[in-house]
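Undergrad: Using my numbering, read the sequence shown as starting at 1138 and increasing by one per residue.
Idealized CB from N, CA, C, for every residue including glycine.
Keep in mind that this is a model prediction, so the values were computed, not measured.
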Amino acid sequence: MAPRRFLAVVLVAAALALVLPPARAADATPPWGVSWGPQGPSVPVDTAIQVVWSERMNWTTVESAFSYTDGNLTYTAGAWTIDDPTNSSAFVPATALQHGTRYTLHFASTAADAAGNRLDQDRDGIGGEACSPLPPFAGDCLVWQFDTAPPPPDTTPPRVLSTSPAGGATAPPDAAIEVRFSEGMDTASAQAAFSYGDGFSLYTVGDGTATWASTSAPDDTLRFVPRLEFASGGRVTVNLDGRVARDAAGNLLDGDGNGTGGDSYSWSFAVAGDPAPPRVLTASPPAGAGSVPISATVRLVFSKALARGAVAASLSLRGPGAPTLTAANGSVAWSGTRFPDDTLVFDPYPNLETATAYVFALNGSVAADREGLRLDGDADGAGGDDYRLNFTTEAQDLTPPSVARTDPAAGAMDVVATSAIGIWFSEPMNRSSVEGAFSYTDGASTWRTADGARTWSNASDTLTFQPAQALAYGMRYTVTIGGLARDEAGNPLNGGADEAWTFTTASQLDTTAPWIKSKSPLEGQKNVSRTARVSIIFSEAMDKAAVQAAVGITNGAVLTDFRWPNDATFEAATAAPMEYRTPYVVFVLTGARDLAGNPMTQPVQIPFTTESWRGRVSGRVADERYAPVAGARVELGRFVMLADAGGNFGFEPVEQGTYVITVSGPGFEAYTASVEIGPGRADLGTIVLHPPAAPLDVTLWAGLGTVLFSVVLVAVILRRLRSRPTEHYETWKPAKVVTVEPGLPPRDKP
């Protein structure tokens, strides 16, 4: 049997050899990437990253070998999708691809197939070799690049997302202003659109430092630090001009959030008050100074922002044997050192007397800060007392005069060819000596005062020269005041040295009409201070006289005290405080023109409404005999209180408006009425409460009912008697029945 068994085994083995495939050798071929993508330019940002491999891979090693970079950051996070039948892998980044960006994709040579063979991208038969991460990407790594498509056109207008201080908030005087936009901004246009006003002056980005931060997008947050702190107790209104501010794509600001650009955004905030009265911090000349030049000015720096008008009205300068000078006997200029209007410069004219002891004084019962706090002249912490500054002038005027300011300024460019030349001296001058020392030249020709019209200020410290012939375009001019010019005491200019400066005219004729860049108040602004100044910033230097003649205000107000902080900025005040809660319109007519004579193309109207009155509202509660009703409950809007022992009540601060007042007390009927609160209508007088009407007794009601029923019953009986006549009346007889047969005439009466 053994041979037979052996033969059977052989036959089975032969059959198995025919059925089973031959054993394969171990996989030693390294894998490589057959195709990959995306590639090329303008790749959509939502495209997946895909690779088809030469064989089935160990997908864990593939995922760990992968990374990509945008040149700044390297990324690995995302979702993988594997397709074994096609030996392909796809990757969707967790961080969305950015538009207009070049990406570099990298599979390290540690990626391996299912047998553990490492990546052999250069196909040299050896996998896992080192590779270069930079072009041309030689080696066994799979590396390539692509560029995403540029961003689609941005047509969405930017909006303001938040501000600091927020609208309606109260901020400290040293607060910065921050604006966060919905997207990255064109920084230059946003800064040009920025302005803020405090009711007295208008400020632009040039009055502080502007910086930009990237909160959610590049350059989407503007931070502005004013050079001057805000005046305590004031109100600041910030405006972004929607005609100017643009995003990085050029879309105009959508100030009202309606989806359409081109409208402005503004908000207001209050400034925390300061209960300390204002005082003088520094003075020039210093107290007790001697040998002060007779052409000296008085300069004071205060601790707070002062009310210009109140200080000017309180000012005086006295000396024995010398005339008493007031603000009308000189010029009063204001500037800011720490706060707006905290620095006063009084320039008296004519010059002071020599060898004279002067007292410069401010009346403490008149001078006040913007919050209405009276001057603390002696710096004892209590307001309402005078400030005095004593100094003595020089025995003889030996101080040489100097040039304080010029217009055009030294180095000025693009000066209008029709401009006048203005010179401000440090003191009154000998006019003829200045006129003889004046000249200007273009390098080829020289002109003197005889070649134009000259005008002097009353104080003889300012000369304005208007050339008879316009200056040439694109020309550099040099103006000279020779050292022979003298002051009224004979002292030579600069000690005998010439004063010279240059400026350059515009290269061509100015035909551009001026326009208003910023203004205060804003269009439609509410709660404007009754003493607010009107401020207008034009697009260029203006003809001052023409502007002042073209600007006005409605509703009986009058503009006065015109000021020009610079040639493009106009300021004015109303002659008297405006009325409470009253609409006004400031208008600028087309007669306003620039220095080249170009008028505004259309008139401009700036409507606004003044602040409401706020104050104390008081009254008294009494009964019908006018005796006080102590403890009566008085409600006026949101105000509630109990009357005192004298029946008196008072609320503050109450804003002007119409209110419902309700007064009630035990044993009295409630009193309710509508009252109009405002200036001159804050005393509600005596409110008389009445006791409730007494109820009628039930017995009395029953008696009245019985009487009424009896009266009605008698009336009914009498009526029935009158409706049935008695028998003696001929008109009443019993009826007689008469029978009538059909078709026959009735019988004759008996």
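Taking C-beta to C-beta, are Pro1430 and Glu1315 nearer than 8 Å?
TA: Counted from its first residue, the sequence shown places residue 1430 at position 293. Counted from its first residue, the sequence shown places residue 1315 at position 178. No. Outside cutoff.
Undergrad: Specify the secondary structure class of Ala1248 as computed by DSSP and reduced to three states.
TA: Translated into positions along the sequence shown, residue 1248 becomes position 111. Of the three classes helix, strand and coil, the one that applies to Ala1248 here is coil, per DSSP.
Undergrad: Residues bridged to Cys1268 by DSSP?
TA: For this step, residue 1268 is matched to residue 131 along the sequence shown. Answer is Gly1276, bridged to Cys1268.
Undergrad: Taking the alpha-carbon of Ala1417 as reference, which of Leu1365, Cys1278, Ala1710, Gly1520 has the nearest alpha-carbon?
TA: Taking the sequence shown and counting its residues from 1, the one referred to as residue 1417 is at position 280. According to the sequence shown, residue 1417 is Val rather than Ala. The option with the nearest alpha carbon to Val1417 is Gly1520.
Undergrad: Roughly how many whole angstroms lie between the Cα atoms of Thr1374 and Ala1407?
TA: As a position in the sequence shown, residue 1374 is number 237, starting the count at 1. As a position in the sequence shown, residue 1407 is number 270, starting the count at 1. Straight-line Cα distance between these residues: approximately 9 Å.
Undergrad: With which residues is Phe1707 paired in a DSSP beta bridge?
TA: Here the question's residue 1707 lines up with position 570 in the sequence shown. In the DSSP output, where bridge partners are listed per residue, Phe1707 has Ile1673.
Undergrad: Please report how far the alpha carbon of Ala1622 lies from the alpha carbon of Asn1631, in whole angstroms.
TA: Along the sequence shown, one-based indexing puts residue 1622 at 485. Along the sequence shown, one-based indexing puts residue 1631 at 494. Going from the Cα of Ala1622 to the Cα of Asn1631 covers about 9 Å.
Undergrad: Are Ala1251 and Asn1209 close, meaning C-beta to C-beta below 8 Å?
TA: Here residue 1251 refers to the residue found at position 114 of the sequence shown. Here residue 1209 refers to the residue found at position 72 of the sequence shown. In this structure, Asn1209 does not lie closer than 8 Å to Ala1251 by Cβ.
Undergrad: The alpha helix (DSSP H) that contains Ala1889, what's its start and end?
TA: This structure cannot settle anything about residue 1889, because the visible part of the chain is limited to 1138 through 1887.
Undergrad: To the nearest whole angstrom, what separates the beta carbons of Ser1811 and Phe1786, a pair I think is in contact under 8 Å?
TA: Here residue 1811 refers to the residue found at position 674 when the sequence shown is read from its first residue. Here residue 1786 refers to the residue found at position 649 when the sequence shown is read from its first residue. Contact doesn't hold; Cβ gap of about 18 Å is too wide.
Undergrad: Under 8 Å, with one C-beta from each stretch per pair, do the segment 1218 to 1226 and the segment 1260 to 1277 reach the 3-pair mark?
TA: With a cut-off of 8 Å, the segment 1260 to 1277 and the segment 1218 to 1226 do not count as touching, because too few Cβ pairs lie within range.
Undergrad: Might you give, ordered along the chain, the residues of its own chain that have their beta carbon closer than 7 Å to the beta carbon of Asn1488, omitting 5 neighbours on each side?
TA: The count along the sequence shown starts at 1 and reaches residue 1488 at position 351. The residues are Ile1431, Ser1432, Glu1564, Pro1565, Glu1625.
Undergrad: Measuring CA to CA, which of Arg1511, Val1540, Ala1609 is closest to Ser1556?
TA: The residue you call residue 1556 lines up with position 419 of the sequence shown. It is Ala1609 whose Cα lies nearest to the Cα of Ser1556.
Undergrad: Apart from the five residues on each side of it in sequence, which residues of its chain come closer than 6 Å, Cβ to Cβ, to Lys1663?
TA: For the purposes of this step, residue 1663 is identified with residue 526 of the sequence shown, where counting begins at 1. Around Lys1663: Thr1746.
Undergrad: Using a 10 Å radius around the Cβ and a threshold of 16 neighbouring Cβ atoms, would you call Pro1651 buried or exposed?
TA: Locating residue 1651 in the sequence shown gives position 514, counting from the first residue. So Pro1651 counts as buried.
Undergrad: Over the uninterrupted alpha helix (DSSP H) stretch that includes Arg1445, give me the two end residues.
TA: Sequence index remark: in the sequence shown, residue 1445 carries index 308 (1-based). 1445 to 1451 is the extent of the alpha helix (DSSP H) around Arg1445.
Undergrad: Rank Lys1441, Phe1244, Ser1319, Arg1193 by C-alpha distance to the C-alpha of Asp1164 and give the top, closest one.
TA: On the sequence shown, position 27 is the one that residue 1164 refers to. Taking only the C-alpha atoms, the option nearest Asp1164 is Arg1193.
Undergrad: Specify the secondary structure class of Tyr1866 as computed by DSSP and reduced to three states.
TA: As a position in the sequence shown, residue 1866 is number 729, starting the count at 1. With a pLDDT of only 45 at Tyr1866, under 50, the local geometry of the prediction cannot be trusted, and the value read off the model is given with reservation. Reduced to three states, the DSSP call for Tyr1866 is coil.
Undergrad: Quick check on Ser1801: does DSSP put it in helix, strand or coil?
TA: One-based indexing of the sequence shown puts residue 1801 at position 664. Of the three classes helix, strand and coil, the one that applies to Ser1801 here is strand, per DSSP.
Undergrad: Under a three-way DSSP split, which group does Gly1822 fall into?
TA: Translated into positions along the sequence shown, residue 1822 becomes position 685. DSSP places Gly1822 in strand when its eight states are reduced to three.
Undergrad: From the DSSP output, in three-state form, read off Lys1441 for me.
TA: Residue 1441 sits at position 304 when you count from the first residue of the sequence shown. Coil, per DSSP.
Undergrad: Leaving out five residues before and five after Ser1351 in sequence, what residues of the same chain have Cβ atoms less than 8 Å from its Cβ?
TA: Against the sequence shown, residue 1351 aligns to sequence position 214. If we look at Ser1351 and ignore the five residues flanking it on each side, its Cβ neighbours are Gly1321, Asp1357, Thr1358.
Undergrad: Between the alpha carbons of Leu1726 and Ile1690, how many angstroms are there, rounded?
TA: In the sequence shown, the residue the question calls residue 1726 occupies position 589. In the sequence shown, the residue the question calls residue 1690 occupies position 553. Distance between the alpha carbons of Leu1726 and Ile1690 is about 11 Å.
Undergrad: Taking Ser1432 as part of the beta strand (DSSP E), name the residues at either end of that continuous run.
TA: For the purposes of this step, residue 1432 is taken as residue 295 along the sequence shown, with counting starting at 1. Run containing Ser1432: none; DSSP gives neither H nor E here.
Undergrad: Need the endpoints of the beta strand (DSSP E) that Ser1468 sits in, please.
TA: Within the sequence shown, numbered from 1, the residue matching residue 1468 stands at position 331. First-last of the beta strand (DSSP E) with Ser1468: 1467 to 1472.
Undergrad: Starting from Ala1169, trace the beta strand (DSSP E) both ways and give me its first and last residue.
TA: As a working note, residue 1169 is residue 32 in the sequence shown. The sequence shown places Trp at residue 1169, not Ala. Element bounds for Trp1169: n/a, residue is neither H nor E.
Undergrad: Should Thr1711 go down as buried or exposed, given a rule of 16 or more other Cβ atoms within 10 Å for buried?
TA: As a first step, residue 1711 must be located in the sequence shown, where it is residue number 574. The residue in question, Thr1711, is buried, as its Cβ has 16 or more Cβ neighbours within 10 Å.
Undergrad: Assuming Leu1454 and Leu1443 form a contact by the criterion Cβ under 8 Å, report the distance between their Cβ atoms to the nearest whole angstrom.
TA: Sequence index remark: in the sequence shown, residue 1454 carries index 317 (1-based). Sequence index remark: in the sequence shown, residue 1443 carries index 306 (1-based). That belief does not hold up - the Cβ atoms of Leu1454 and Leu1443 are roughly 18 Å apart, past 8 Å.
Undergrad: Mapping DSSP to helix, strand and coil, what is Gln1793?
TA: By one-based count along the sequence shown, residue 1793 stands at place 656. Correct three-state label for Gln1793: coil.
Undergrad: In terms of residue numbering, what span does the alpha helix (DSSP H) encompassing Glu1572 cover?
TA: What you label residue 1572 is simply residue 435 of the sequence shown in a count that begins at 1. Segment 1568 to 1574, the alpha helix (DSSP H) holding Glu1572.
Undergrad: Any idea if Glu1806 is buried or exposed, counting beta-carbon neighbours within 10 angstroms, 16 or more meaning buried?
TA: By 1-based counting over the sequence shown, the position of residue 1806 is 669. Exposed: under 16 other Cβ atoms inside 10 Å.
Undergrad: Would you call the segment 1613 to 1620 and the segment 1634 to 1644 touching, i.e. three or more CB-CB distances under 8 Å?
TA: With a cut-off of 8 Å, the segment 1634 to 1644 and the segment 1613 to 1620 count as touching, because enough Cβ pairs lie within range.
Undergrad: Check whether the Cβ atoms of Phe1361 and Ala1313 lie closer than 8 Å to each other.
TA: For the purposes of this step, residue 1361 is taken as residue 224 along the sequence shown, with counting starting at 1. For the purposes of this step, residue 1313 is taken as residue 176 along the sequence shown, with counting starting at 1. Yes, the Cβ-Cβ distance between Phe1361 and Ala1313 is below 8 Å.
Undergrad: Mapping the DSSP letters down to three states, classify Glu1200 as helix, strand or coil.
TA: Taking the sequence shown and counting its residues from 1, the one referred to as residue 1200 is at position 63. Three-state result, Glu1200: helix.
Undergrad: Terminal residues of the continuous beta strand (DSSP E) containing Val1417?
TA: Your numbering for residue 1417 matches position 280 in the sequence shown. That run of the beta strand (DSSP E) goes 1417 to 1421.
Undergrad: Here's a check: name, in chain order, each residue in its chain whose Cβ is nearer than 6 Å to the Cβ of Phe1788, leaving out the five neighbours to either side.
TA: Here residue 1788 refers to the residue found at position 651 of the sequence shown. So the qualifying residues of the chain are Val1754, Leu1773, Phe1776.
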